[in-house]
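In order, the protein sequences belong to chains A and B.
Note that the first sequence covers residues 0 to 241 in numbering that gives the first Met the number 0.
Note that the second sequence covers residues 0 to 241 in numbering that gives the first Met the number 0.
Glycine included, each C-beta is placed from N, C-alpha and C at the ideal position.
Number of protein chains: 2
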Amino acid sequence: MTIDCTNCPLRRQDLFLPMTKATLTFMQKFKTGELVAQPGTEILTEQASSSQLFTALSGMGVRYKTTRDGERQVVGFVLPGDFVGLQSGVMEVMRHSVEATTEMRLCVFNRSDLWSLFKSQPDLAFDLTHLAANEEHLLGEALTAMGQMDAQAKIAWALHRFDRRLAAVGLRRNGRVPLPFRQQDLADALGLSLVHTNKTLAKLRQSGILTWADGWLTVDDHAALAGLCQIDTDAAAARPLI
Amino acid sequence: MTIDCTNCPLRRQDLFLPMTKATLTFMQKFKTGELVAQPGTEILTEQASSSQLFTALSGMGVRYKTTRDGERQVVGFVLPGDFVGLQSGVMEVMRHSVEATTEMRLCVFNRSDLWSLFKSQPDLAFDLTHLAANEEHLLGEALTAMGQMDAQAKIAWALHRFDRRLAAVGLRRNGRVPLPFRQQDLADALGLSLVHTNKTLAKLRQSGILTWADGWLTVDDHAALAGLCQIDTDAAAARPLI
DNA sequence: CGTTGCATTGACCGCCCTCAATGCCGGTGG
DNA sequence: CCACCGGCATTGAGGGCGGTCAATGCAACG
């Protein structure tokens, strides 16, 4: 009992661009099934090729790279609606791993069908490129955060993004969004130590700006939080859902 | 007297994947001309849309974002063979600016022709997506460098990449490659201060590992330099040239 | 009830930042 | 011809942000 693409609950969110009926019909053929990944499961592996590509339907995960000396750099977080595995699809191998943080439900596509998508569905090919360009944009912002912000601004920026992004897929209820990651994940994403991340979070909490506990993030003072971010966070632009 | 795509000198480099004759024929129509940009010229502007896309033929430039308080984050360097403007092509606007460092010669394409490319040339559409995924990969590596490396490793990594990448497009002569950027550009790319970048470069120079002066980079001890980089730098994978 | 994973807090210190001054070089104008 | 200036590289002094080390609390779990 997999979800029908024409009736995908995610697609109702305003964040995602509309898709024509004909294209949706193709999507249903393109989608070969669904995968449920348990917390801690490695969905894609760095340096490895994958015969399957995915779109996250629910749940969250982490994209990360591992350095020679075993350190981990989180290069992004996988939220509902995100496409994963494009690198494996167009280049030979993945350049980062993807691991499920919570239980995740994912649409599954066959990499071998990707070429027929490009040949017969130029609009979807365009959307895929759009998604890739969007990833580039997100990483550029992250790079700017890493290079130019102090610890407080980095964390404010990251949590501000989480709040906006999760609200955009309809996960904000009663002013709070689910945020199942560990402080260590955030630290690894921002290039901070766990200890300093914890202390900076405590300051934000004591300022009354936000609370992040037990897997839920509550932003109490959006204006103050936005003020702490040193780069302008544009409204999340509409993007394709594949 | 613009360069004929079928006779493009860049395409002879092993770095770039071969292109079929039919596709090259399309490329010649797709290319609408060439642009010569003087040093300091802004080729693309953050937050602005552009009706033209480019491929760098010669010369080098910088991609950068500007923060609210006027700081600059270099998100990448434009070398010969690089495609610029994809973000403007598939999303509405650029998310970073591109400025010429040296005089640059660029192939010019019309954004309005992009859709016909996706419709009629699926192989080129695939290549564009490949390039976008490659950018994502590069930024992921940069992010890892920013988050996990100390200053010496960052600089070693960056210069190691320049040496490899420029050699791959045939610009290494007598063991040295042109590197026309300022120390400030490198500092802004790595999230370091100019002062500390300078001092760290001095150490690398005194170690006899490399020399970077007067716009030329000479790597004297490749093994030692690779050893200082804390992430494994895979051989530059072949990629499309559009 | 020991263990494991995660959050929290304190002490200490080092990498890298800021401030500041100098040298070098090419361009420009008196 | 030379004084002046702007851009870039270089070097020293001092201090702060955020690192490491270490210990504690707490909840879930076998």
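Q) Between Phe82(A) and the rest of its own chain, which residues show a CB-CB distance below 6 Å, the 5 nearest in sequence each way excluded? A) Counting from 1 along the first sequence, the entry for residue 82(A) is found at position 83. Within the same chain, Phe82(A) has close Cβ partners Thr54, Leu130 and Ile241.
Q) Taking one C-beta from the segment 91–102 of chain A and one from the segment 41–49 of chain A each time, how about it: are there three or more such pairs within less than 8 Å? A) yes
Q) For a contact meaning CB atoms closer than 7 Å, what does Ile230(A) contact in chain B? A) In the first sequence, residue 230(A) corresponds to position 231, counting from 1. By Cβ distance, chain B contributes Thr66 and Arg67.
Q) Got a sec? Which residues, its chain only, sit under 7 Å from Asp126(A) by beta carbon, not counting five neighbours each side? A) In the first sequence, residue 126(A) corresponds to position 127, counting from 1. Excluding positions up to five away in sequence, the list reads Pro239 and Ile241.
Q | Cβ neighbours of Lys30(B) in the same chain (closer than 8 Å, five flanking residues each side left out) | A | What you label residue 30(B) is simply residue 31 of the second sequence in a count that begins at 1. Result list for Lys30(B): Thr1, Cys4, Cys106, Val107 and Phe108, in chain order.
Q. For Ser192(B), which of helix, strand or coil comes out of DSSP?
A. If you number the second sequence from 1, residue 192(B) lands on position 193. Reduced to three states, the DSSP call for Ser192(B) is coil.
Q: Answer yes or no: does any C-beta atom of chain A fall closer than 8 Å to that of Gln147(B)?
A: Sequence index remark: in the second sequence, residue 147(B) carries index 148 (1-based). Closer than 8 Å to some Cβ of chain A, the Cβ of Gln147(B) qualifies, so yes.
Q) Just the Cα atoms here: how many angstroms apart are Gln182(B) and Leu200(B)? A) As a position in the second sequence, residue 182(B) is number 183, starting the count at 1. As a position in the second sequence, residue 200(B) is number 201, starting the count at 1. Those two C-alpha atoms are separated by around 9 Å.
**Q.** Residues from the segment 69–80 of chain B in contact with chain A, defined by Cβ distance under 7 Å
**A.** Glu70, Gln72 and Val74
Q) Within 10 angstroms of its Cβ, does Arg71(B) collect 16 or more other Cβ (buried), or is it exposed? A) The sequence position of residue 71(B) within the second sequence is 72, counting from 1. Classification of Arg71(B): buried, given that the 10 Å Cβ count is 16 or more.
(Q) I want to know whether the segment 140–155 of chain A touches the segment 182–193 of chain A - three or more CB-CB distances under 8 Å. (A) yes
Q) Since Phe180(A) is in the alpha helix (DSSP H), which residue starts that stretch and which ends it? A) As a working mapping, residue 180(A) is identified with position 181 in the first sequence. Looking at the DSSP string, Phe180(A) is not in any alpha helix (DSSP H), and its letter there is neither H nor E.
Q) Quick one: what's got a C-beta closer than 6 Å to Ala155(A)'s C-beta in the same chain, skipping five residues either side? A) Against the first sequence, residue 155(A) aligns to sequence position 156. Excluding positions up to five away in sequence, the list reads Leu224, Leu227 and Cys228.
Q: Could you please give me the residues that DSSP links to Glu41(A) through a beta bridge?
A: Mapped onto the first sequence, residue 41(A) falls at position 42. DSSP, once it has assigned bridges, lists Glu98(A) as partnering Glu41(A).
Q) Would DSSP call Thr143(A) helix, strand or coil? A) Numbered from its first residue, the first sequence carries residue 143(A) at position 144. Helix at Thr143(A).
Q: Please name the residue in Gln51(A), Pro38(A) and Thr66(A) whose C-alpha comes closest to that of Gly60(A).
A: In the first sequence, residue 60(A) corresponds to position 61, counting from 1. When only C-alpha atoms are compared, the closest one is Pro38(A).
**Q.** Beta bridge counterpart(s) of Ala36(B) as assigned by DSSP
**A.** Position 37 of the second sequence, counting from 1, holds the residue named residue 36(B). Met103(B), per the DSSP bridge assignment.
Q: Specify, as a first and last residue, the run of the alpha helix (DSSP H) that Leu52(A) falls within.
A: Working through the first sequence from its first residue, we reach residue 52(A) at position 53. Looking at the DSSP string, Leu52(A) is not in any alpha helix (DSSP H); the run it does join, the beta strand (DSSP E), is Gln51 to Ser57.
(Q) So for Arg110(A), helix, strand or coil by DSSP? (A) Counted from its first residue, the first sequence places residue 110(A) at position 111. Arg110(A): helix per DSSP, three-state reduction.
**Q.** Whole-angstrom C-beta distance between Gln12(B) and Gly169(B), which should lie under 8 Å
**A.** Working through the second sequence from its first residue, we reach residue 169(B) at position 170. Working through the second sequence from its first residue, we reach residue 12(B) at position 13. Indeed, because the Cβ distance is near 5 Å, the residues count as touching under 8 Å.
Q. Distance, Cα to Cα, Lys28(B) vs Trp114(A)?
A. Mapped onto the second sequence, residue 28(B) falls at position 29. Mapped onto the first sequence, residue 114(A) falls at position 115. When rounded, the distance between both Cα atoms is 24 Å.
Q: Alpha carbon to alpha carbon, how far is Met90(B) from Ala133(A)? Give it in angstroms, no decimals.
A: Counted from its first residue, the first sequence places residue 133(A) at position 134. Counted from its first residue, the second sequence places residue 90(B) at position 91. Contrary to the premise, residue 133(A) reads as Asn rather than Ala in this sequence. Distance between the alpha carbons of Asn133(A) and Met90(B) is about 8 Å.
Q) What does Asn6(A) reach in chain B if we use C-beta pairs closer than 8 Å? A) As a position in the first sequence, residue 6(A) is number 7, starting the count at 1. Correct list: empty, because the minimum Cβ distance to chain B is about 27 Å.
Q) Is Leu185(B) buried or exposed, if buried means 16 or more other CB atoms sit within 10 Å of its CB? A) Position 186 of the second sequence, counting from 1, holds the residue named residue 185(B). Leu185(B) should be labelled buried.
Q.
By the DSSP assignment, the beta strand (DSSP E) with Gly60(A) in it spans what residues?
A. Here residue 60(A) is taken as the residue at index 61 of the first sequence, counted from 1. Note, Gly60(A): beta strand (DSSP E), Gly60 to Thr65.
Q: Mark Arg163(A) as exposed unless 16 or more other C-beta atoms lie within 10 angstroms of its C-beta, in which case mark it buried.
A: In the first sequence, counting from the first residue as 1, residue 163(A) sits at position 164. Arg163(A) should be labelled buried.
Q.
Taking beta-carbon pairs under 9 Å, can you tell me which members of the segment 123–136 of chain B lie near chain A?
A. Ala124, Phe125, Asp126, Leu127, Thr128, His129, Leu130, Ala131, Ala132, Asn133, Glu134, Glu135 and His136
Q | The alpha helix (DSSP H) enclosing Phe76(B), as first and last residue numbers | A | If you number the second sequence from 1, residue 76(B) lands on position 77. Careful: Phe76(B) lies outside any alpha helix (DSSP H), inside the beta strand (DSSP E) at Arg71 to Val77.
Q.
Please list, in chain order, the residues of the segment 81–110 of chain A that have any C-beta partner in chain B closer than 7 Å.
A. Leu85, Gln86, Val89, Met90, Arg94 and His95
**Q.** Contact check, Leu14(A) vs Ala237(A), beta carbons under 8 Å
**A.** Looking up residue 14(A) in the first sequence gives position 15. Looking up residue 237(A) in the first sequence gives position 238. Yes; because the gap between Cβ atoms is below 8 Å, this pair is in contact.
Q) Which two residues bound the contiguous beta strand (DSSP E) that contains Thr217(B)? A) For the purposes of this step, residue 217(B) is taken as the residue at position 218 of the second sequence. Start and end: Trp215 to Val218.
Q) Cα separation between Asp68(B) and Ile230(A)? A) Within the second sequence, residue 68(B) is the residue found at index 69, counting from 1. Within the first sequence, residue 230(A) is the residue found at index 231, counting from 1. If I take the Cα positions, the gap works out to 8 Å.
**Q.** Range of the contiguous alpha helix (DSSP H) that encloses Ala21(A)
**A.** Here the question's residue 21(A) lines up with position 22 in the first sequence. Looking at the DSSP string, the run of the alpha helix (DSSP H) that includes Ala21(A) is Lys20 to Phe29.
(Q) If I measure Cβ to Cβ from Met151(B) and keep anything under 8 Å in the same chain, skipping five residues before and after, which residues do I get? (A) Position 152 of the second sequence, counted from the first residue, corresponds to residue 151(B). Position check: residue 151(B) holds Gln in this sequence, whereas Met was assumed. The answer, listed in chain order, is Thr199, Lys202, Leu203 and Leu227.
Q: Taking C-beta pairs closer than 8 Å, name the residues in chain A that Lys118(B) reaches, listed in chain order.
A: On the second sequence, residue 118(B) is found 119 positions in, with the first residue counted as 1. Residues of chain A passing the Cβ test: Pro121.
Q) Mind checking Pro79(B): buried by the 16 CB within 10 Å criterion, or exposed? A) The residue you call residue 79(B) lines up with position 80 of the second sequence. Buried.
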